[in-house]
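Report on the structure given below.
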Amino acid sequence: MSESPLRQALWPLGMLYGAVAAARNFAFDAGLKRVHALAVPVVSVGNLTVGGTGKTPTVAWLCQLATARGRRPGVLARGYGRAAGDRLNDEGEMLARRFPELLQEQDPDRVAAGRRLVERGADYIVLDDGFQHRRLGRDLDIVCLDAALPFGNGHCLPAGDLREFRSGLRRAGLLLLTRAERLAPDALAARVQRLRRIAGKPELPIRAATHAPAAVTAWPSGDVTPPGALAGVRVALLSAIARPASFRATVETLGAEVVRELRYRDHHRYTDAEARAAVAVAESEGALLLTTEKDDAKLARLAPELPRSALRVDLQFLDTEPAATELLL
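No gaps in the numbering here: position 291 of the sequence shown is 291 in our numbering, and each next residue is one more.
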């Protein structure tokens with residue numbers, strides 16, 4: 001497929017962006033820029049591209065595993081999209097609802113924030129969206145890649161989706177291929193081998209996973225039903241996420257009938273008027289207002305009494321789940 005004229009025009013800027021990122025990475029690798037270590041294990045969850053590759057479900061999965069093994073995890077994030085005066089952004093609020101005792105810090109200065117987490121008692125730090133954040137040392141880099149399009153169109157920003165050249169995979173300690181259910185087994189095996197060649201690591205651990213619907217919670221009652229209960233139900237979708245089409249595809253796979261869809265940009269902060277308008281749209285269609293768990297965290301804070309349902313999605317592995325030792329647990 002040929003590139004569009006706009007992509008072709010932006011290609012030199014993409015090369016420049018990638019070169020700057022590569023120079024910055026070299027400075028850290030060569031010790032020209034200082035890396036700050038914490039006294040506890042730090043596991044980074046990141047990606048090579050912009051947009052949703054499943055980092056938040058991965059962070060939640062790590063926190064659940066760490067807690068089950070007697071650790072006290074803490075999540076460290078920049079806090080992108082956080083409203084002025086708020087302690088957490090939408091992803092942080094979602095994690096706080098799922099894990100009420102979870103320690104979290106959101107600060108562009110993740111070195112200082114990481115030290116605060118340790119002072120608060122965290123003994124296992126999950127660095128959210130940290131692959132390109134090199135100032136804070138980490139003991140493991142988990143990189144989430146979309147199994148079907150791991151590098152987007154293959155170009156760096158602004159010509160494509162890459163945050164750095166694909167050779168950045170050399171820093172990865174574990175790859176998670178998300179939405180891997182869309183690839184046939186032979187195609188998935190070929191993808192794994194290609195990624196290992198790019199990373200220059202023949203034995204690089206690579207795990208295939210999917211974002212599996214886990215439950216539907218109705219509010220304000222809090223009643224929980226299995227996702228299969230959506231079969232045959234008319235729904236109006238409300239979302240402000242990186243990949244709304246993926247949310248719709250998941251809902252349709254469950255057998256629901258999507259009659260309306262309201263999409264906002266990723267990390268959008270709903271107004272009271274927007275939330276109530278969404279409820280009105282659903283009611284006018286005789287449909288259930290269905291949103292994501294991340295969006296519902298914002299709605300709960302804004303107008304908890306509004307009738308809506310939230311679909312919870314968990315990380316589910318198609319093959320062997322990473323061993324606890326691989327995850328520094």
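Cβ coordinates follow ideal geometry from the N, Cα and C atoms, glycine included.
Just so it is clear, the structure is predicted and the values come from calculations on it, not from any experiment.
A check of alpha carbon separations from Lys55 across Val111, Gly130, Leu302, Ala240 identifies Gly130 as the nearest. Residue range 308-317 is occupied by the beta strand (DSSP E) that includes Gln316. The C-beta separation of Gly168 from Asn25 comes to about 7 Å, placing the pair in contact by the 8 Å criterion. For Pro213, the enclosing beta strand (DSSP E) covers residues 206-219. Cys156 is positioned such that its CB atom lies closer than 8 Å to that of Gly14.
Linking Gly85 to Ala287 through their CA atoms gives a straight-line distance of about 35 Å. Nearest neighbour of Asp109 by Cα position, chosen from Glu93, Tyr80, Gly121, turns out to be Tyr80. DSSP places Ser4 in no alpha helix (DSSP H); its state is neither H nor E. If only complete runs of 4 or more residues are kept, the region 125-194 shows no alpha helix (DSSP H) anywhere. Shown here, Pro57 sits in a helix according to DSSP, grouped into three states.
A contact is defined here as three or more CB-CB pairs under 8 Å, and the region 213-232 fails this definition with respect to the region 175-195. DSSP places Arg265 in the coil class of the three-state scheme, outside both helix and strand.
Along the region 62-136, the alpha helix (DSSP H) occurs as fully enclosed runs of 4 or more residues at 90-98, 110-119, listed in sequence order. Residue state for Val43 is assigned as strand, using DSSP reduced to three classes. If you draw a straight line from the Cα of Val251 to the Cα of Glu283, it is about 19 Å long. 8 Å or more divides the Cβ of Gly92 from the Cβ of Ala112. Residue pairing for Ser239: DSSP places it in a beta bridge opposite Arg263.
As for any beta strand (DSSP E) of minimum length 3 sitting wholly inside the region 270-295, the runs are 288-292, ordered along the chain. Leaving aside the five residues that flank Arg248 on each side, the residues in its chain whose CB is nearer than 7 Å to its CB run, in chain order, Leu237, Val258, Glu261. When the Cα atoms are used, Leu38 and Arg276 turn out to be separated by approximately 45 Å. Within its own chain, the residues whose Cβ lies closer than 8 Å to the Cβ of Gly232, once the five positions on either side in sequence are excluded, are Gly255, Ala256, Glu257, listed in chain order. Taking a C-beta distance under 8 Å as the contact criterion, Val45 and Leu177 do not qualify as a contact pair. Taking the C-beta atoms as reference points, Leu102 is found nearer than 8 Å to Val75.
It is roughly 15 Å from the alpha-carbon of Val279 to the alpha-carbon of Ala240.
In this chain, the beta strand (DSSP E) harbouring Thr225 covers 223-225. For Arg234, the three-state secondary structure derived from DSSP is strand.
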